[in-house]
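In terms of this note's numbering, the sequence shown opens at residue 1 and continues consecutively.
Glycine included, every Cβ here is placed at the ideal spot set by N, Cα and C.
Quick caveat: nothing in here was measured; it's all calculated off a predicted structure.
Worksheet: the structure to be examined is printed underneath.
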Amino acid sequence: MTKKIAVLSGDGIGPEIIGEALRLLHAVAEKHALQIETEEALVGGIAYDETGHPLPPETLALCKASDAVLLGAVGGPKWDNVQPASLRPEVGALLPLRKELGLFANLRPVTLFPALADASSLKNELIKDGLDILVVRELTGGIYFGQPKERTSERAVDTCVYTRPEIERIARVGFEAAQKRGKRLCSVDKANVLETSRLWREVVMKIALDYPDVELSHLLVDNCAMQLVKNPSQFDVIVTENMFGDILSDEAAMLTGSLGMLPSASLGATSGTGAKTAFGLYEPIHGSAPDIAGKGVANPLATFLSVALLLRYSLDAEAAAQTIEAAVGKVLESGLRTGDIASPGQRTVGSREMSDAVLQAL
Ligand code: IPM
Ligand code: MG
1 MTKKIAVLSG
11 DGIGPEIIGE
21 ALRLLHAVAE
31 KHALQIETEE
41 ALVGGIAYDE
51 TGHPLPPETL
61 ALCKASDAVL
71 LGAVGGPKWD
81 NVQPASLRPE
91 VGALLPLRKE
101 LGLFANLRPV
111 TLFPALADAS
121 SLKNELIKDG
131 LDILVVRELT
141 GGIYFGQPKE
151 RTSERAVDTC
161 VYTRPEIERI
171 ARVGFEAAQK
181 RGKRLCSVDK
191 ANVLETSRLW
201 REVVMKIALD
211 YPDVELSHLL
221 VDNCAMQLVK
231 NPSQFDVIVT
241 ENMFGDILSD
251 EAAMLTGSLG
261 MLPSASLGAT
271 SGTGAKTAFG
281 LYEPIHGSAP
291 DIAGKGVANP
301 LATFLSVALL
311 LRYSLDAEAA
321 AQTIEAAVGK
331 VLESGLRTGD
341 IASPGQRTVG
351 SREMSDAVLQ
361 AL
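Below you can see the structure in the form of structure tokens.
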């Protein structure tokens with residue numbers, strides 16, 4: 001059966017990297033005899049300019065009618081002062097996309113390609129055995145969405161709310177992911193202070209009984225932030241609530257030294273249920289990089305790796321996913337670098353040359 005993929009390229013470097021990613025997707029689909037169909041729609045600042053809303057209803061409808069969504073990036077200085085602020089691309093498009101599509105599980109794999117080890121900000125001995133962490137971030141609850149949320153000139157309120165079912169389902173995603181990897185799950189909370197965290201810890205411990213093969217540990221979020229830079233190789237899978245996950249995933253990403261390399265998957269209802277595929281939204285974590293937009297120099301690799309995740313989680317095409325990951329590794333080994341991952345003095349290539357090389361290496 002043909003799988004439908006909604007393509008939202010968005011703002012800044014989004015259209016350039018998504019353009020390259022579509023070439024890759026179609027090439028891989030052909031090689032692995034996958035039947036796919038892609039359809040593009042507007043999102044972000046460009047959608048705001050053209051329709052008055054960063055997430056037009058047609059875009060949301062297309063996503064809902066698809067098996068997966070591939071997203072470039074949204075936002076840029078042009079829209080930073082859009083009023084009301086609820087129409088800014090990040091808040092007006094990204095958050096409602098996550099909520100409306102039920103994408104509660106955000107997977108951010110943090111892997112270090114050996115060829116890029118020098119780019120890490122950590123001492124070489126800390127990462128000499130590589131780095132392979134999966135951050136599982138809860139994405140549709142917590143302080144991002146809790147009510148009341150209000151503001152006067154003198155007082156502002158955000159509310160952090162978690163319910164037992166919300167914690168249960170994300171915990172299951174964490175345990176299932178750990179089962180497929182190193183079988184260690186670290187749950188991160190602030191149970192010494194927050195009620196939501198105390199419920200979080202209680203629920204995670206209860207769900208753990210269903211996964212006796214996974215070793216569960218708990219860390220307070222401040223300690224976890226420290227452990228990530230002190231001894232990152234202790235981690236296999238980290239599961240945590242929305243805002244802690246936002247912060248820790250940026251920190252973890254920086255350990256690899258190359259934000260431009262990291263993909264992400266946001267998964268919906270069937271994730272964590274043992275089902276073979278889940279509806280998902282896939283995007284590079286680096287954002288719209290307005291400073292280099294339109295110059296053809298953006299690193300397309302995080303988007304390529306996001307395509308790999310799309311194939312793995314939403315299309316059940318593991319072999320195709322691995323083909324992409326191997327090709328990216330090979331091209332990096334060969335020494336090809338875009339500006340963001342080059343060492344000083346190294347020759348750099350643009351998006352097109354990088355993507356030609358990956359297509360060649362497939
Ligand atoms: C992320 C981003 C978003 C978030 C912003 C842009 C709303 O930082 O995806 O990590 O906080 O979730
Ligand atoms: Mg973030």
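Residue i and residue j closer than 9 Å at C-beta
i           : j           : result
residue 110 : residue 256 : yes
residue 228 : residue 185 : no
residue 55  : residue 47  : yes
residue 260 : residue 298 : yes
residue 64  : residue 315 : no
residue 82  : residue 14  : no
residue 214 : residue 167 : no
residue 6   : residue 66  : yes
residue 241 : residue 196 : yes
residue 311 : residue 302 : no
Endpoints, the beta strand (DSSP E) within which residue i is located
i           : result
residue 5   : 3 to 10
residue 189 : 184 to 189
residue 283 : 280 to 284
Which of helix, strand or coil DSSP assigns to residue i
i           : result
residue 217 : strand
residue 303 : helix
residue 313 : helix
residue 73  : strand
residue 86  : helix
residue 264 : strand
residue 132 : strand
residue 143 : helix
residue 328 : helix
residue 275 : coil
residue 292 : helix
residue 151 : strand
residue 357 : helix
residue 68  : strand
residue 157 : strand
Cα-Cα separation, residue i to residue j
i           : j           : result
residue 276 : residue 153 : 50 Å
residue 163 : residue 222 : 23 Å
residue 212 : residue 137 : 22 Å
residue 290 : residue 33  : 36 Å
residue 304 : residue 155 : 44 Å
residue 19  : residue 120 : 28 Å
residue 102 : residue 266 : 9 Å
residue 71  : residue 308 : 13 Å
residue 210 : residue 270 : 17 Å
residue 143 : residue 92  : 16 Å
Opposing strand residues paired with residue i [DSSP bridges]
i           : result
residue 37  : 4
residue 107 : 136 and 265
residue 57  : DSSP output for residue 57 lists no bridge partner at all.
residue 238 : 135 and 186
residue 171 : Beta-bridge pairing links residue 171 to no other residue.
Residue range of the alpha helix (DSSP H) that includes residue i
i           : result
residue 346 : Taken as a continuous stretch (DSSP letters only), residue 346 belongs to no alpha helix (DSSP H), as it is neither H nor E.
residue 17  : 14 to 31
residue 113 : It is not in any alpha helix (DSSP H) - residue 113 carries neither H nor E in the DSSP assignment.
residue 48  : 45 to 51
residue 232 : No alpha helix (DSSP H) contains residue 232, which DSSP labels as neither H nor E.
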